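>
There are 2 protein chains.
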Amino acid sequence: MMRTRPLKVALLGCGVVGSEVARIMTTHADDLAARIGAPVELAGVAVRRTGKARDGIDPALVTTDATALVKRGDIDVVVEVIGGIEPARTLITTAFEHGASVVSANKALLAQDGAALHAAAETHGKDLYYEAAVAGAIPLIRPLRESLAGDKVNRVLGIVNGTTNFILDKMDSTGAGYQEALDEATALGYAEADPTADVEGFDAAAKAAILAGIAFHTRVRLDDVYREGMTEVTAADFRSAKEMGCTIKLLAICERSKDGTSVTARVHPAMIPLSHPLASVRGAYNAVFVESDAAGQLMFYGPGAGGSPTASAVLGDLVAVCRNRLSGATGPGESAYADLTVSPMGDVVTRYHISLDVADKPGVLAQVATVFAEHGVSIDTVRQQGKDGEASLVVVTHRASDASLSGTVEALRKLDTVRGVASIMRVEGE
Amino acid sequence: MMRTRPLKVALLGCGVVGSEVARIMTTHADDLAARIGAPVELAGVAVRRTGKARDGIDPALVTTDATALVKRGDIDVVVEVIGGIEPARTLITTAFEHGASVVSANKALLAQDGAALHAAAETHGKDLYYEAAVAGAIPLIRPLRESLAGDKVNRVLGIVNGTTNFILDKMDSTGAGYQEALDEATALGYAEADPTADVEGFDAAAKAAILAGIAFHTRVRLDDVYREGMTEVTAADFRSAKEMGCTIKLLAICERSKDGTSVTARVHPAMIPLSHPLASVRGAYNAVFVESDAAGQLMFYGPGAGGSPTASAVLGDLVAVCRNRLSGATGPGESAYADLTVSPMGDVVTRYHISLDVADKPGVLAQVATVFAEHGVSIDTVRQQGKDGEASLVVVTHRASDASLSGTVEALRKLDTVRGVASIMRVEGE
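Those protein sequences? They're chains A and B, same order as listed.
Residue numbering for the first sequence follows full-length UniProt numbering, starting at 1 and increasing by one per position.
Residue numbering for the second sequence follows full-length UniProt numbering, starting at 1 and increasing by one per position.
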């Protein structure tokens with residue numbers, strides 16, 4: 001049973017993702033209509049500058065007045081692929097006020113203002129979908145909030161930034177240093193001219209906030225996410241990782257505490273065993289590992305960025321939102337009922353790999369071991385390497401809180417015999 | 001906003017999966033209520049034999065009269081985890097007639113009668129969900145029919161049977177033969193006393209039919225699926241695979257033809273390159289690789305069977321179906337609008353690895369090569385091994401149709417110089 005009046009879609013942004021959304025809406029119009037139960041029509045495209053030729057888009061649809069477009073009142077779904085906080089935020093809330101549902105790919109906005117946007121959607125009885133905001137084409141939001149709705153998620157461990165995974169994979173496979181690998185990523189178009197958002201973990205932190213919120217049915221703000229970039233990772237760290245049977249990945253980690261009453265969310269480079277499914281995620285691919293009570297260990301893998309993959313996620317949401325409008329229903333909104341405490345980084349419990357430059361004389365190991373013991377951090381293995389008066393100690397700990405480890409490191413730095421802390425790396429996924 | 005009248009759930013079957021569904025419904029009652037927006041109540045449990053103590057289930061709820069239970073008229077959702085065709089089929093259609101929606105984990109039934117069951121659900125305006133029918137806990141049905149609803153799926157390549165993956169993984173890692181690996185799988189509980197459904201590919205074929213139907217929006221019947229078991233795979237095949245940089249997996253493969261007008265579905269053992277993400281799927285785990293126009297390559301990985309994982313999938317569906325009932329909507333039903341031709345195995349195009357036992361004399365290779373050429377099958381590489389009057393030829397072909405390959409093999413068998421065809425293995429995932 002096909003309804004003939006089309007659903008009207010307003011597209012905000014017509015860059016790499018937006019143009020691909022428009023293209024697929026045209027080329028796959030019949031499929032979309034069949035899957036939705038009504039045709040969808042591109043009713044307007046808001047851009048920053050007109051005048052540029054846009055393949056397959058009727059120039060009459062193109063406007064620079066995004067606000068007027070979302071206020072038209074006859075728009076069924078607004079697709080927001082502008083990115084950034086403003087004007088995206090105001091446009092989305094305006095869209096809800098004027099009767100539209102919204103599909104967004106905007107991780108920064110969702111991470112910062114997800115709660116307010118969800119509230120606006122609910123007030124107006126509209127949908128807010130954003131599968132494309134996390135890990136591009138990989139279905140992740142929908143599996144977490146729908147497929148696992150009857151389960152209890154305990155941990156989400158993900159490679160959610162393709163740029164940094166490309167760089168780390170390159171360092172791992174070639175022995176290159178960070179700068180050299182970054183230069184190659186830039187040359188190949190995997191890193192932007194200013195790579196800060198990727199390499200400093202801001203992008204991954206936004207995704208971690210979104211994932212943690214959905215996984216734990218708890219509001220997790222961007223400020224709640226501990227963030228550490230991967231610019232300090234060295235070729236020496238990769239050599240250490242290999243000795244441990246590990247590689248290094250920039251991970252977004254969302255965890256429920258053992259007692260179940262609190263959660264943490266963090267982004268930082270970490271060693272993971274080569275046997276872990278995330279270790280073999282190569283190049284710019286993304287993958288997210290989910291651990292839950294009943295399902296056990298699941299992994300979702302795919303391209304985490306790019307015009308087509310992101311458009312695929314946007315269009316999947318578009319179909320769902322259109323179906324909802326036809327049936328007069330809305331999909332699942334924000335679920336924050338669990339309202340768990342979001343604990344700071346100091347409460348995170350994991351293992352650590354610490355490399356120390358130390359004086360090459362007797363008694364150093366005893367001194368260092370005493371410091372660990374005093375801070376309640378139990379040592380798993382320690383390895384001494386000495387050569388030409390220089391010496392290093394590599395300590396791998398048992399599980400300890402981040403606060404205890406920080407205290408340990410601070411005390412180690414004060415020892416005369418410790419010349420420097422060469423690196424501290426968390427060990428995950430064991 | 002919590003509705004206080006509970007939604008009533010009837011559970012058909014209380015074995016490994018059913019008892020876990022009941023357990024989680026009790027222990028996670030508050031979470032389920034919060035996520036659904038109303039409490040869910042276990043209103044009845046149909047079993048084959050009463051009298052057995054069932055942990056945490058009120059004996060007053062247990063009945064052997066499943067028909068009476070689904071006919072009660074006050075049941076919101078029937079959860080069918082009996083398996084098999086009858087009485088499951090009749091109970092499900094009766095449930096629809098009496099106003100209930102249905103969540104099922106029954107792959108055999110869905111593969112055989114999915115169309116009729118979907119039609120019954122639609123007639124009565126009810127939901128039929130069955131995430132648990134394919135690959136246990138791995139979200140797959142929902143991603144395929146919802147997340148990828150705006151995309152065009154071209155291929156689904158999956159390890160969807162844990163028993164056979166355990167056996168093949170064991171053969172790969174230890175060099176064991178099929179029987180030895182099967183015995184170990186049986187001893188460890190990974191294989192049933194009668195392993196036919198698994199090792200002969202019947203289980204995987206049912207899943208392939210379901211996956212192909214959803215992926216291609218086309219009805220694919222169980223009879224449409226080509227099926228070849230893995231009982232003939234030998235340790236020698238694994239050695240051959242290793243020489244090719246491959247391993248062997250039992251794959252369910254659903255493909256759209258190059259011209260897009262037809263599809264095929266098949267289950268058979270195949271060599272895949274070690275670099276393919278499916279190659280590293282170990283033990284009894286399942287994984288499904290999906291290739292689509294816009295999203296590119298996605299993979300979904302997790303436990304494909306077991307009480308808890310299957311219960312996780314069932315409960316995810318239960319939450320979705322309950323939400324739909326509260327909002328007065330139904331989820332996506334069968335989508336078979338594309339109505340593509342389902343082509344027979346002969347039309348499948350892939351590469352082949354063929355081992356021949358041949359006479360050790362001059363001219364054999366020329367004869368063999370002529371037969372391949374006559375049938376239009378182009379040879380990629382050929383390797384001759386001779387020793388003590390015995391000789392073998394290992395031929396790897398370029399892409400050719402299964403019909404051409406079959407014709408080739410038939411003609412090869414007629415050659416005096418060919419003593420036997422030791423193995424034929426398809427090569428996939430390149």
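C-beta atoms are modelled at their ideal positions from N, C-alpha and C, and glycine is treated no differently.
Every value quoted in this text rests on a predicted model; they were computed, and no experiment measured them.
DSSP beta-bridge partners for B:Met425?
DSSP, once it has assigned bridges, lists B:His353 as partnering B:Met425.
> From this set, A:Val382, A:Ala366 and A:Leu315, which residue's C-alpha is nearest A:Glu41's C-alpha?
The shortest Cα separation from A:Glu41 among A:Val382, A:Ala366 and A:Leu315 belongs to A:Leu315.
> Pick from A:Ala43, A:Ile248 and A:Asp416: whose alpha carbon is nearest that of A:Met425?
For the residues A:Ala43, A:Ile248 and A:Asp416, the minimum Cα distance to A:Met425 belongs to A:Ile248.
> Per DSSP, which residues does B:Thr196 bridge with? Please list them.
Paired residues: none, contrary to the question.
> For a test of the three-state rule: what should DSSP assign to A:Thr231, helix, strand or coil?
Note: A:Thr231 maps to coil in three-state DSSP.
> A:Val319 versus chain B: which residues are under 8 angstroms apart at the beta carbon?
Going along chain B in sequence order, the residues near A:Val319 (Cβ under 8 angstroms) are Glu146, Ala149 and Gly150.
> Strictly by DSSP, which residues pair up with A:Ile253?
Beta-bridge pairing links A:Ile253 to A:Leu157 and A:Arg266.
> Looking only at C-alpha atoms, which of A:Gly386, A:Arg266 and A:Asp388 sits nearest to A:Gly346?
With distances taken between Cα atoms, A:Gly346 lies closest to A:Arg266.
> Consider the Cβ of A:Tyr130: report whether some Cβ of chain B lies at a distance smaller than 9 angstroms.
False, the Cβ-Cβ gap to chain B never drops below 9 angstroms.
> Just the C-alpha distance for A:Ala204 and A:Gly260, rounded to the nearest angstrom, thanks.
C-alpha separation (whole angstroms): 24 angstroms.
> Quick check: B:Ala191 and B:Ile167, are their CB atoms within less than 9 angstroms of each other?
Contact flag set, yes.
> Nearest to B:Arg325 by alpha carbon, out of B:Gly283, B:Ala68 and B:Val103?
The option with the nearest alpha carbon to B:Arg325 is B:Val103.
> Among the residues of its own chain, which have a CB less than 6 angstroms from the CB of B:Ser343, if the five just before and after it don't count?
Same-chain partners within the cutoff: Ser262 and Thr264.
> Return the residue from the list A:Phe372, A:Ala88, A:Val368 and A:Val319 that minimises the CA-CA distance to A:Leu117.
For A:Leu117, the nearest C-alpha among the options comes from A:Ala88.
> Which one or two residues does DSSP pair with B:Lys387 in a beta bridge?
Partner(s): B:Glu390.
> A:Pro332: buried (16+ other C-beta within 10 angstroms of its C-beta) or exposed?
Burial call: buried.
> For the stretch 297–311 of chain A, which residues have a beta carbon sitting closer than 7 angstroms to at least one beta carbon of chain B?
If the cut-off is 7 angstroms between Cβ atoms, the stretch 297–311 of chain A has Gln297, Leu298, Met299, Phe300, Tyr301, Gly302, Pro303, Ser308, Pro309 and Ala311 near chain B.
> Once the 5 residues before and after A:Arg413 are set aside, which same chain residues still bring their CB inside 7 angstroms of it?
Cβ neighbours of A:Arg413 beyond the five flanking positions: Val421.
> I'd like to know if B:Val314 contacts chain A, where contact means its C-beta is closer than 9 angstroms to some C-beta of that chain.
Yes, contact with chain A.
> Is B:Val319 helix, strand or coil by DSSP?
Note: B:Val319 maps to helix in three-state DSSP.
> Would you be able to state if there are at least three C-beta pairs under 8 angstroms between the stretch 158–165 of chain A and the stretch 184–201 of chain A?
As far as the Cβ criterion goes, the stretch 184–201 of chain A touches the stretch 158–165 of chain A, which means the pair count is three or higher.
> Do you know offhand how far B:Leu110's Cα is from B:Gly84's?
Each residue's alpha carbon lies about 10 angstroms from the other.
> If you draw a straight line from the alpha carbon of B:Asp55 to that of B:Glu146, how long is it in whole angstroms?
The alpha-carbon atoms of B:Asp55 and B:Glu146 are separated by roughly 36 angstroms.
> In chain A, what lies closer than 7 angstroms to B:Tyr337 by C-beta?
Those within 7 angstroms of B:Tyr337 in chain A are Ala34.
> What does a CB cutoff of less than 6 angstroms around A:Glu200 pick up in its chain, not counting 5 residues either side in sequence?
The answer, listed in chain order, is Gly229.
> Can A:Val134 and A:Leu11 be called in contact, C-beta distance under 9 angstroms?
No, the Cβ-Cβ distance between A:Val134 and A:Leu11 is not below 9 angstroms.
> Using the Cα positions of B:Gly158 and A:Val409, report the straight-line distance between them to the nearest angstrom.
Cα to Cα, B:Gly158 sits roughly 47 angstroms from A:Val409.
> Which first and last residues belong to the alpha helix (DSSP H) in which B:Val70 is found?
First-last of the alpha helix (DSSP H) with B:Val70: Ala66 to Val70.
> Ignore the nearest five residues each way along the sequence and tell me which others in B:Ala197's own chain have a CB closer than 7 angstroms to its CB.
These residues qualify, in order along the chain: Asp203.
> My output table needs one value for A:Asn286: the three-state DSSP class, helix, strand or coil.
Note: A:Asn286 maps to strand in three-state DSSP.
> Just confirm the distance between the C-beta atoms of B:Gly407 and B:His375, as a whole number of angstroms; I'd bet it's less than 8 angstroms.
That belief holds up - the Cβ atoms of B:Gly407 and B:His375 are roughly 5 angstroms apart, short of 8 angstroms.
> Quick check: is the beta carbon of A:Glu41 nearer than 9 angstroms to any beta carbon in chain B?
Taking Cβ atoms only, chain B never reaches closer than 9 angstroms to A:Glu41, which makes this a no.
> By how many angstroms is the C-alpha of B:Leu318 removed from the C-alpha of B:Tyr352?
Taking the straight line joining both Cα atoms gives about 44 angstroms.
> Would you kindly report the start and end of the unbroken alpha helix (DSSP H) that includes A:Leu182?
Start and end: Tyr178 to Ala187.
> Tell me the DSSP secondary structure of A:Met25 in three-state form.
Reduced to three states, the DSSP call for A:Met25 is helix.
> Could you tell me if A:Ser292 is buried or exposed, where buried requires 16 or more neighbouring beta carbons within 10 angstroms of its beta carbon?
Buried, by the Cβ-count rule.
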